[in-house]
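To convert, take the position in the sequence shown, counting from 1, and add 3; that gives our numbering. All remarks here apply to the structure that follows.
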Amino acid sequence: LVAAMGVAARLTIAKDAKTQDRLDKLHDQVVIDKQEDKDRFTQAWKKLVLTGGPNDERRLLHTLEQLAKQTAISGTGKQPTPQQDTKIASVDHLLEQADTVSATFHEQLKAIVKQ
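Here's what the structure looks like:
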């Protein structure tokens, strides 16, 4: 019985270590992606300032303000907390779902910005 418990403990420890390693890698990637997004936004904003038409900056800021108002929680004005799909059971499943919706999400954002 003690030997079986020892084996089970080692398997659990190994599984936990693997999960922690995957979470650490995901965290590192999120940090990298966040910086890349910030850099892309900065470049896009500079391009808008340099090459945009009259009032493009004001129009974009107005559009973003309207979007924020449309998606805000009534009464508080705050944005709702993002909710993870209850069907997601692992980091891998989360990444798969992100890949599935990524193209549609970015197309919707582009349409909003072009308004």
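Ideal Cβ placement from N, Cα and C applies to all residues, glycine included. The model shown is predicted, which means the values in this text are computed figures rather than measured ones.
Spatial distance of residue i from residue j (CA atoms)
i           : j           : result
residue 52  : residue 60  : 7 Å
residue 56  : residue 63  : 11 Å
residue 106 : residue 100 : 11 Å
residue 10  : residue 22  : 18 Å
residue 104 : residue 95  : 15 Å
residue 135 : residue 34  : Residue numbering for the chain in the displayed model covers 4 to 118; residue 135 lies beyond these limits and cannot be assessed.
Test: residue i CB closer than 8 Å to a CB of chain D
i          : result
residue 84 : Of the chains in the structure shown, none is chain D; there is only one protein chain.
Pick from the options that is closest to residue i, judged by C-alpha positions
i          : options            : result
residue 85 : 75, 92, 94 and 93  : 75
residue 70 : 117, 14, 13 and 19 : 117
residue 67 : 19, 114 and 17     : 114
residue 88 : 98, 58 and 46      : 98
Fill in: Whole beta strand (DSSP E) elements within the stretch 60 to 112, 3-residue minimum
none
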